[in-house]
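For the sequence shown, the numbering used here begins at 0 and goes up steadily by one.
Here is the structure we will look at.
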Amino acid sequence: MDGIVAASSFPLLVLLLLFSHPIKLIKISFYLFPILRKEAG
């Protein structure tokens, strides 16, 4: 149940971060992008 709640609230958290800390979000995305690309193959 907690996973469903976390998954549904995640986009809201991303939007909140986007508006409050755009620079931090960009750094996080630069950090996550290679990992996601590696996972995708």
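Glycine residues also receive a C-beta, built at the ideal position from the N, C-alpha and C atoms.
Only residues of its own chain outside the window of five on either side were considered, and among them none has a CB closer than 7 angstroms to the CB of Ser19. One Cα belongs to Gly40, the other to Ile34, and the distance between them is close to 10 angstroms. Looking at the backbone, the Cα of Ile27 and that of Asp1 are separated by about 24 angstroms. Leaving aside the five residues that flank Leu17 on each side, the residues in its chain whose CB is nearer than 7 angstroms to its CB run, in chain order, Leu24.
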